[in-house]
Amino acid sequence: MIIKSGKAGPLLWLVGLCLLLSGGALQGAESVPPMLNKGHKWRVAYYQGGEYYDYYQYLKATTEGLMVQGWISPQTIPSQLTTAKDLWRWLAENAQSDYLEFLPDGFYSAGWDRNYRTELRERVITRLNQDNEVNLLFALGSWAGIDMAVGRHAVPTMVISVNDPRSIGLIREPGNAYQHIYVTDDPQRYERQVALFHDLIRFKTLGVAYEDSFEGRSYASVDTIQRLAKERDFTVVSCFTKSDVADQSLANQSVVNCFRELVPKVDAIYVTAQGGVNTDTIPLLVDIANQHRIATFSQYGQREVKMGYLMSLSQSEGYREEGNELSEVAIKIFKGAAPASLANRSAEANRITLNLKTAEQIGLYLNAELLAAADQLFWQIEQP
Numbered sequence: 001m002i003i004k005s006g007k008a009g010p011l012l013w014l015v016g017l018c019l020l021l022s023g024g025a026l027q028g029a030e031s032v033p034p035m036l037n038k039g040h041k042w043r044v045a046y047y048q049g050g051e052y053y054d055y056y057q058y059l060k061a062t063t064e065g066l067m068v069q070g071w072i073s074p075q076t077i078p079s080q081l082t083t084a085k086d087l088w089r090w091l092a093e094n095a096q097s098d099y100l101e102f103l104p105d106g107f108y109s110a111g112w113d114r115n116y117r118t119e120l121r122e123r124v125i126t127r128l129n130q131d132n133e134v135n136l137l138f139a140l141g142s143w144a145g146i147d148m149a150v151g152r153h154a155v156p157t158m159v160i161s162v163n164d165p166r167s168i169g170l171i172r173e174p175g176n177a178y179q180h181i182y183v184t185d186d187p188q189r190y191e192r193q194v195a196l197f198h199d200l201i202r203f204k205t206l207g208v209a210y211e212d213s214f215e216g217r218s219y220a221s222v223d224t225i226q227r228l229a230k231e232r233d234f235t236v237v238s239c240f241t242k243s244d245v246a247d248q249s250l251a252n253q254s255v256v257n258c259f260r261e262l263v264p265k266v267d268a269i270y271v272t273a274q275g276g277v278n279t280d281t282i283p284l285l286v287d288i289a290n291q292h293r294i295a296t297f298s299q300y301g302q303r304e305v306k307m308g309y310l311m312s313l314s315q316s317e318g319y320r321e322e323g324n325e326l327s328e329v330a331i332k333i334f335k336g337a338a339p340a341s342l343a344n345r346s347a348e349a350n351r352i353t354l355n356l357k358t359a360e361q362i363g364l365y366l367n368a369e370l371l372a373a374a375d376q377l378f379w380q381i382e383q384p
C-alpha cells in the first residue's frame with residue numbers, strides 16, 4: 001500500500017477545497033452587550049437521545065463561547081466531567097450568569113431507549129408549550145433533532161451534532177422551514193472525507209459498519225458513500241451493527257464483530273459515528289485493523305486518530321471553533337433572530353490528521369508532500 005507523489009494533485013486540490021468551504025463560517029462575535037429576556041434570565045434546556053462523547057464536547061465548547069462573549073462569567077469547567085449530563089448539572093449549580101439560567105430540571109435524555117424516547121418526547125414538548133418555561137432548547141443528535149424540530153412547539157431550538165441532517169429531513173426548503181429551528185449542517189463534510197481517503201489510499205473495496213436503520217444510515221452518510229463508489233469505481237462492503245440501543249455492551253460487541261468480519265474482505269475501513277465506537281472499543285478496533293494492514297479513516301476527528309486510526313479531517317482543538325459559532329448563533333437568537341434565518345453552516349475545521357505509528361504498522365508509505373499537507377501528526381498510538 002503506497003502513496004505515490006503523482007497522487008498529490010487531488011490531495012492539494014481537496015485541501016484547497018476544504019479551506020474554501022471552511023472559510024464561510026461566522027467571523028467574530030457581534031459587538032452587542034448581553035441582554036435579559038424582558039427583565040428575566042433566558043431559561044435554557046437540553047435534550048438528547050442518549051450519552052455520546054460529541055454531545056458533551058459541543059455543550060462544553062458552546063458554554064465556553066458564551067463565556068467569551070460575556071453572557072456567562074469566565075470559569076474553568078472541571079476536567080473530571082465527561083458526560084453532557086454531568087456538565088449540565090455543573091452548569092445548573094455553578095454557572096455564574098446575570099443573563100442565562102441552565103434549568104436544573106431541564107436536562108432530558110432518552111438513554112437510547114426507543115420506548116422511553118416516545119414518552120420523553122411528549123413530556124418535553126408539553127413543557128415547551130408552557131409560557132416562558134423554556135426560552136432556548138439545545139437538541140443534540142439525530143434522535144433529538146427528529147423529535148424536537150417539529151411544529152408542535154415554538155421554542156427556539158438549536159439542533160446540533162447531526163451527521164447528515166438533509167437525509168433525515170431536518171434541513172427544509174426556505175418556504176417550508178420551521179422558523180424556530182436552527183440546524184448545523186455541512187453538506188459536503190463526508191464527501192470531503194471519503195474523497196480524501198480515496199485520493200490517498202486508492203482502495204478498491206471500502207468497509208463500512210453501521211446500524212441498518214433510518215438514523216444509522218444517516219450517521220454513516222451511506223448515500224454519499226454509495227454515490228462516490230459509483231463515481232470513483234470502488235466497492236462498498238457493509239456490515240450491520242447495533243448503535244442506538246440501551247445495552248452498551250451489545251453496541252460495542254456489534255462493532256467489534258463487524259471489524260473482524262470486514263478485515264478479510266476490504267482494503268480500507270471508513271469508521272462511522274455510532275454508539276459502539278468509543279474509548280472502550282477503539283483500541284481493539286485499531287488493533288484488528290492494523291494487524292490486517294487495513295487503512296482506517298475516522299469520521300470523528302483527531303482524538304480517535306491519536307488513539308490509532310490512520311487519519312481523519314479533524315475538528316478544532318476542544319471544538320473551540322464549533323463552540324464559538326454555536327454561541328454566536330445562540331446570542332443572535334436571544335437578540336431576536338429567527339433561528340431558521342441563520343446560516344446552517346458547521347464551523348467544523350478541515351485539518352488533515354495522521355497517525356504515523358499506524359502508517360508504519362500497516363506498511364503505508366507517506367511521502368513528503370502528504371506529510372507537508374498534514375496539519376497534525378501523531379507519532380504513537382495512545383491509550384484512552
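Residue numbers (full-length UniProt numbering): 1 to 384. Ideal Cβ placement from N, Cα and C applies to all residues, glycine included.
A straight-line Cα-Cα distance of about 16 Å links N324 and P34. DSSP places Q302 inside the alpha helix (DSSP H), whose first and last residues are 302 to 306. Sequence-distant Cβ neighbours of A220 in its own chain, meaning closer than 7 Å and more than five residues away, are V208, Y210, T272.
Out of I168, E322, R117, Y55, the CA that lies nearest to the CA of F138 is found in Y55. Here Y108 is near L120, since their CB atoms are less than 8 Å apart. Residue state for L196 is assigned as helix, using DSSP reduced to three classes. According to the DSSP secondary-structure assignment, T157 is paired through a beta bridge with L137, I181. One thing to note: A374 has its Cβ within 8 Å of the Cβ of L354. If you ignore the 5 residues before and after L103, its C-beta comes within less than 8 Å of the C-beta of R43, V44, A45, A92, V134, all in its own chain and listed in chain order. Annotation for F102: the continuous beta strand (DSSP E) segment containing it runs 100 to 109. About 20 Å separates the Cβ atoms of L310 and T235, ruling out a contact at the 8 Å cut-off. The DSSP-derived three-state label of N176 is helix. Taking a cut-off of 8 Å on C-beta distances, the stretch 162 to 179 does not touch the stretch 68 to 85, as fewer than three cross pairs fall below it. Under the DSSP assignment, S97 falls outside any alpha helix (DSSP H); it carries neither an H nor an E label. Annotation: V329 is outside any beta strand (DSSP E); the continuous alpha helix (DSSP H) that includes it extends over 320 to 334.
For Q376, the enclosing beta strand (DSSP E) starts and ends at 376 to 378.
The way I'd put it, the stretch 294 to 301 does touch the stretch 190 to 206; three or more beta-carbon pairs between them come closer than 8 Å. According to the DSSP secondary-structure assignment, T82 is paired through a beta bridge with no residue. By alpha-carbon distance to D244, the top candidate from A268, S218, T224, V263 is S218.
For W143, the enclosing alpha helix (DSSP H) stretches over residues 142 to 148. Annotation for R351: the continuous beta strand (DSSP E) segment containing it runs 351 to 355.
Take M158, set aside five residues on each side of it, and the residues of its chain with a beta-carbon closer than 6 Å to its own are F138, Y182, in chain order. For I160, the closest of A61, G145, H153, H180 by C-alpha to C-alpha distance is G145. C-alpha of Q179 to C-alpha of I333: approximately 11 Å in a straight line. Burial state of W379 is exposed, judged by a 10 Å Cβ sphere holding fewer than 16 other Cβ atoms. The bridge partners DSSP lists for C239 are A209.
For T62, the enclosing alpha helix (DSSP H) covers residues 53 to 68. CA-to-CA, the gap between Y190 and E321 works out to about 19 Å. Only exposed fits N129, as fewer than 16 other CB atoms lie within 10 angstroms of its CB. By a beta-carbon distance limit of 8 Å, Q226 does not contact V255. Their separation comes to about 21 Å.
Out of L370, E382, I381, the CA that lies nearest to the CA of D199 is found in L370. Per DSSP, the continuous beta strand (DSSP E) segment holding Y270 begins and ends at 268 to 271.
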